[in-house]
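**Q**
Numbering (my numbering), first residue to last: 876 to 1080.
#1: What's the gap between the Cα of residue 995 and the Cα of residue 1010?
#2: When the Cβ atoms of the stretch 1048-1056 are set against those of the stretch 1021-1034, are three or more pairs found closer than 8 Å?
#3: Taking the C-alpha atoms as reference points, what is the distance between residue 1000 and residue 1008?
#4: So, under 8 Å CB-CB, residue 925 and residue 909 are touching, yes? Tell me the CB distance rounded to an integer number of Å.
#5: Alpha carbon to alpha carbon, how far is residue 962 from residue 1066?
#6: Using the C-alpha atoms, what's the distance from residue 982 back to residue 940?
#7: Does the distance from the CB of residue 1040 to the CB of residue 1060 come in under 8 Å?
#8: Take the Cβ of residue 1045 as the centre, count every other Cβ of all protein chains shown within 10 Å, and call the residue buried at 16 or more, exposed below.
#9: Residue range of the alpha helix (DSSP H) that residue 884 falls in?
#10: Count the other C-beta atoms from every protein chain shown that fall within 10 angstroms of the C-beta of residue 1051, then say buried if there are 16 or more, exposed otherwise.
#11: Have a look at 986, 1014, 1036 and flag the residue whose alpha-carbon is nearest the alpha-carbon of residue 1063.
#12: From this set, 985, 1017, 896, 1048, which residue's C-alpha is nearest residue 1036's C-alpha?
#13: If you reduce the DSSP assignment to three classes, tell me which class residue 937 lands in.
#14: Tell me which same chain residues have a C-beta within less than 6 Å of the C-beta of residue 930, skipping the five on either side of it?
#15: Just curious, the beta strand (DSSP E) that residue 1068 is in, first and last residue?
#16: With a 10 Å radius around its C-beta and 16 neighbouring C-beta atoms as the bar for buried, classify residue 1082 as buried or exposed.
#17: Identify every run of the beta strand (DSSP E) within the stretch 881-934, keeping only runs that are complete inside it and at least 3 residues long; order them along the chain.
#18: One question on the structure: do residue 968 and residue 903 come within less than 8 Å of each other, judged by their Cβ atoms?
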């Protein structure tokens, strides 16, 4: 009832089923009906149209293969993962899925791009204090290294930025080392830790 009610109210929706392999068999029956007919009848006899909705399903099936095959050709990875999925899910289910997207193992350059995104988000917060930080390539690589885990990908990155950027920067702000309108360079010190240095004013950047 919850799903049909949500789509009845907002037919143009994106529906996410996270870790679909853990779903109850009844969930797959419902999905088969939706993917077959584009509609679903709820417990009150009302038919709800799903034709304007997008269904996304995530799965960890095959993730171990991705970890074990980091250096293999990406095309080979997709073929192998598709084979693993076909061994796990029923054919009538997979045959109704429009596209299978394989997320390969993250590489160093990709982690650094995620660092850029996270720092941009942090600068939006710092803008309320009229402060901006800029990372050197060395600092970016340090964060990428500290914020990456082979098993968890880039999930620890936010914690690394909190620990190595936000916490020390907050302390320096409280101590008056930096003030409004400062442009701050984050670099790597001789001891390997991150250093913070004013290099100008935001307005003059």
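Don't be surprised by glycine CBs; every beta carbon is placed ideally from N, CA and C.
**A** Reading it off the structure:
#1: Answer to the nearest angstrom: the Cα atoms are 11 Å apart.
#2: Not touching, per the Cβ criterion.
#3: Looking at the two C-alpha atoms, the distance is approximately 11 Å.
#4: 5 Å between Cβ atoms; contact.
#5: If I take the Cα positions, the gap works out to 51 Å.
#6: Roughly 16 Å between the two C-alpha positions.
#7: The answer is no: Cβ separation not under 8 Å.
#8: Residue 1045 should be labelled exposed.
#9: Counting along the chain, the alpha helix (DSSP H) containing residue 884 begins and ends at 877-884.
#10: Residue 1051 is exposed by the Cβ-count criterion.
#11: Of the candidates 986, 1014, 1036, the one whose C-alpha sits nearest the C-alpha of residue 1063 is 1014.
#12: Out of 985, 1017, 896, 1048, the CA that lies nearest to the CA of residue 1036 is found in 1017.
#13: Residue 937: coil per DSSP, three-state reduction.
#14: Once the five neighbours on either side are set aside, the close Cβ partners of residue 930 are 890.
#15: Note, residue 1068: premise wrong, no beta strand (DSSP E); not H, not E.
#16: Lying outside 876 to 1080, the shown extent of the chain, residue 1082 is not represented and no answer is given.
#17: Complete beta strand (DSSP E) runs here, min 3: 889-892, 914-916, 922-924, 929-932.
#18: It is a contact, given that the beta carbons lie within the stated cut-off.
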